[in-house]
Amino acid sequence: RFPRSPWFGSLGNLRRLVRESTSLIAGCCIFFIAASASLFAQETKPTDIWTAAAQGDIDRLTVLLAANDKADARDGDGNSPLHHAAWNSQLAAMQLLLDHDADIDSQSDQLWTPLHWAARNGRAQSVEWLLDHGAKVDVPAHLGQTALHLAAKENFRVTLALLLKAGADPKASDINGQTPVHLASLDGYTVTVTQLLDHGGDIEARTSWGATPLSAAAARGRTSTVAALL
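According to the numbering used here, numbering within the sequence shown proceeds without interruption in unit steps and concludes at 231.
In C-alpha cells, the structure reads:
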C-alpha cells in the first residue's frame with residue numbers, strides 16, 4: 002500500500018510511515034516526500050501584511066486590507082506595516098496604508114516610529130514623505146533617541162538635512178545626555194558635526210558622565226572633528 006501525496010495527507014502520517022517502514026529505500030523515499038512537502042508549504046505560505054508592505058506588493062497589500070487586515074497590525078516587535086514600508090522606501094505602500102487610516106506616528110515596543118526606521122536606514126525618500134504627511138519629528142524612542150540622533154549616528158547627511166529643515170532639535174538629548182552632536186563627534190563625522198552646529202547644536206552639551214562633543218572626539222582620536230570643534 003502506497004502513501005498518499007503529502008498535499009492530500011498529513012506530514013505527521015508521513016513521518017510515522019518513515020519510522021515504521023521496514024525498507025530503508027521506502028523509508029528514504031517517504032522522508033524525501035515529506036521534506037518536499039514541508040518546503041512546498043513554506044514557499045507557498047501566504048504573504049503577511051508586514052512583508053507585503055516591506056516589499057511594496059500593492060496588489061497583495063490591497064487584498065489583505067480588503068480582507069480586514071488592519072493597517073496598524075503589529076508584528077512580534079510591535080512594528081506596523083508602515084514601519085516596514087518606510088524602512089524600504091515603499092512610498093506607494095505607505096500611501097495605501099495611510100489611506101486606510103494607518104497611524105503615521107505609531108510606535109513599536111521600543112517606541113520607534115516609522116520615521117525612526119526610515120532615518121536609521123538612511124531612507125531619505127521615506128523621511129521626506131513622512132514629514133510631508135505630518136509625522137512628528139522629535140518623538141523620543143525607548144532610550145530617548147530621536148530620528149535626528151539616528152541619522153547623525155549613521156552619518157546620513159541628506160536625511161539629517163531633511164530632519165533639520167522640518168525643525169528637528171539638534172540639542173535633544175537621549176537618556177544618557179548624548180545629543181546628535183555627541184554621536185557624530187564620537188565617530189568623526191566632521192561634516193555632520195558642522196551641519197548640526199550650524200542649526201543650533203550645543204557644542205558645550207554634556208553627557209551624564211560629563212563628556213562634551215570635543216572630549217568625545219578627542220577620546221576617539223578624531224583629529225579633524227576636534228579641529229572643527231575648537
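Quick reminder that beta carbons are idealized off the backbone N, C-alpha and C, glycines included.
Using only the alpha-carbon positions, how far apart do residue i and residue j sit?
i	j	result
Thr226	Ala206	16 Å
Gln108	Ile204	31 Å
Asp133	Gly222	39 Å
Gly79	Asp104	13 Å
Lys166	Gln179	21 Å
Trp8	Ala87	Confidence is the limiting factor: at Trp8 the pLDDT is only 33, short of 50, which leaves the residue's position unreliable, though a coordinate-based value still follows. Their Cα atoms are separated by approximately 37 Å.
Thr195	Thr224	14 Å
Is residue j closer than 8 Å to residue i when the C-beta atoms are compared?
i	j	result
Asp158	Val192	What sits at residue 158 in the sequence shown is Arg, not Asp. In this structure, Val192 lies closer than 8 Å to Arg158 by Cβ.
Ala142	His117	yes
Leu163	Leu149	no
Ile176	Gly145	yes
Arg124	Glu155	no
Determine the closest residue to residue i out of the options, with distance taken between C-alpha atoms.
i	options	result
Ala55	Ala67, Ala72, Ser90 and Ala68	Ser90
Asp70	Ala86, Ile50 and Ala167	Ile50
Ala93	Asp60, Gln111 and Ala120	Asp60
Leu230	Ala220, Ser186, Ala212 and Thr208	Ser186
Start and end of the alpha helix (DSSP H) containing residue i?
i	result
Lys166	Arg158 to Lys166
Val182	Pro181 to Leu187
Pro214	Pro214 to Ala220
Pro115	Pro115 to Arg121
Counting only beta-carbon separations shorter than 8 Å, does residue i have a partner in chain D?
i	result
Arg124	Protein chain content of the structure displayed is limited to a single chain, and chain D is not contained in it.
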